[in-house]
Ligand code: PAF
């Protein structure tokens, strides 16, 4: 596996591959602290392309909270070992100055309501930072396809919108959320969970599964109350920040006052603070 530390390393590696044969590059951008969720993106990129590149860069402009940035888990050597074992072709560690040639600040994209709804409202500036770094990474790597996990459902919508606004020649591939046996969505932030919080956290997905089975006949407001009770339980370990029900395409909130007609598509989103970790999850219900 090639370990690339600069844009010129990356460009000469890709030029070399292109001179050898016709290649398509599948790209998996990450912030490291890799887990099986990332590896499922890597495997998919490998199946669908002749070369797979993973980037590792903890992007400061998408952290609206300095404590969150400082505590973001990092384990570079282990990440490299995992990628090597998976047969990944290259790992790219971009230089901040090359990603942000104009200085470390986010550009401003017209993200419409995505910037106000749910994570847009809860983390001001977060999606501008994500869009900025992903645009820059895509310009560096120039992949045919880029792979993102649907755990960050709204992030995928933001990235698609940025690519459409800029007419970028890349296919964005959204991949299913990878889960532990307990149902907990895999996330680098799970490393911050204490044992007790780790045992409580699967209640988040259990509440989403329960909602999928029980959504018909209830107004969504009642469904939220029941989900809240299921997640919070009586131990006080999980603090729900919000539960939202959105249209799966626009993410716009749905009417919560009356029972929805059967078969109305609904995406349910849950954000919970579990000790030091802020956990997000979503599911079609
Ligand atoms: O999902 C992530 O890990 C990050 O938001 C991304 C897409 C790598 C951008 O920094």
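Numbering (the numbering used here), first residue to last: 24 to 308.
Each residue gets a CB set at the ideal place from its N, CA and C atoms; glycine is no exception.
What you are looking at is a predicted structure, and each value in this text was computed from that prediction instead of being measured.
Inset, instruction - Find out if the Cβ-Cβ distance for the pair residue 328, residue 169 is shorter than 7 Å. - result: With the chain covering only 24 through 308, there is no way to say anything about residue 328.
Legend entry - For residue 133, the first and last residue of its enclosing beta strand (DSSP E): Per DSSP, residue 133 lies in no beta strand (DSSP E) and is assigned neither H nor E.
Inset, instruction - Determine, using beta carbons only, whether residue 55 and residue 112 come nearer to each other than 7 Å. - result: Cβ distance not < 7 Å, so residue 55 and residue 112 don't count as in contact.
Legend entry - Where the alpha helix (DSSP H) through residue 174 begins and ends: Here residue 174 belongs to no alpha helix (DSSP H), and DSSP marks it neither H nor E.
Legend entry - Extent of the continuous beta strand (DSSP E) to which residue 165 belongs: Segment: none, residue 165 is in no beta strand (DSSP E) and carries neither H nor E.
Inset, instruction - In angstroms with no decimal places, state the Cα-to-Cα distance between residue 292 and residue 30. - result: Cα to Cα, residue 292 sits roughly 37 Å from residue 30.
Legend entry - Per DSSP, the bridge partner or partners of residue 29: Residue pairing of residue 29 in beta bridges, as defined by DSSP: absent, with no partner found.
Inset, instruction - Would you mind working out which of 90, 298, 303, 71 sits nearest residue 178, comparing C-alpha positions? - result: Ranking 90, 298, 303, 71 by Cα distance to residue 178 puts 303 first.
Legend entry - Reference residue 106, options 34, 85, 25, closest by Cα: Looking at the Cα atoms, 25 is the closest of the given residues.
Inset, instruction - Measure the C-alpha to C-alpha separation of residue 228 and residue 294 and round it to an integer number of angstroms. - result: Residue 228 and residue 294 have their C-alpha atoms some 11 Å from each other.
Legend entry - Per DSSP, cross-strand counterpart(s) of residue 296: DSSP, once it has assigned bridges, lists 262, 301 as partnering residue 296.
Legend entry - Whole-angstrom distance between residue 42 and residue 60, CA atom to CA atom: Approximately 32 Å between the Cα atoms of the pair.
Legend entry - Paired residues, beta bridge with residue 115 - DSSP: Bridge partners of residue 115: 27, 78.
Inset, instruction - Flag residue 52 as yes when its Cβ comes closer than 6 Å to any non-hydrogen atom of ligand 1, and as no otherwise. - result: Because some heavy atom of ligand 1 lies under 6 Å away, the Cβ of residue 52 counts as near it: yes.
Legend entry - Residue environment, residue 278, which counts as buried when at least 16 other CB atoms sit within 10 Å: It counts as exposed.
Inset, instruction - Assign residue 269 to one of three DSSP states: helix, strand, or coil. - result: The answer is strand: DSSP assigns residue 269 an E or B state.
Inset, instruction - Report back the beta-carbon spacing between residue 149 and residue 85 to the nearest angstrom; my notes put them in contact at under 8 Å. - result: About 5 Å separates the two Cβ atoms, so the contact holds.
Legend entry - Close-in-space but distant-in-sequence residues of the same chain around residue 313 (CB under 7 Å, 5 per side omitted): This structure leaves residue 313 out entirely; the chain is present only between 24 and 308.
Legend entry - According to DSSP, residues forming a beta bridge with residue 202: Per the DSSP secondary-structure output, residue 202 pairs in a beta bridge with 208.
Legend entry - Short Cβ contact (7 Å threshold) for residue 114 with residue 77: A contact, by the Cβ cut-off of 7 Å.
Inset, instruction - Can you tell me which of the three DSSP states residue 18 falls into? - result: Nothing about residue 18 can be reported from this structure: the residues present for the chain run from 24 to 308 only.
Legend entry - residue 114 Cβ short of 6 Å to ligand 1 heavy atom set: Flag unset: Cβ of residue 114 not near ligand 1.
Inset, instruction - Express the C-alpha separation of residue 49 and residue 270 in angstroms, rounding to a whole number. - result: Take the alpha-carbon of residue 270 and the one of residue 49: they are about 29 Å apart.
Inset, instruction - Going by CA-CA distance only, name the one from 130, 134, 176, 143 that's closest to residue 156. - result: The residue from 130, 134, 176, 143 with its alpha-carbon nearest to that of residue 156 is 130.
Inset, instruction - With hydrogens ignored, establish whether the beta-carbon of residue 153 is closer than 6 Å to any heavy atom of ligand 1. - result: The beta carbon of residue 153 sits closer than 6 Å to at least one heavy atom of ligand 1.
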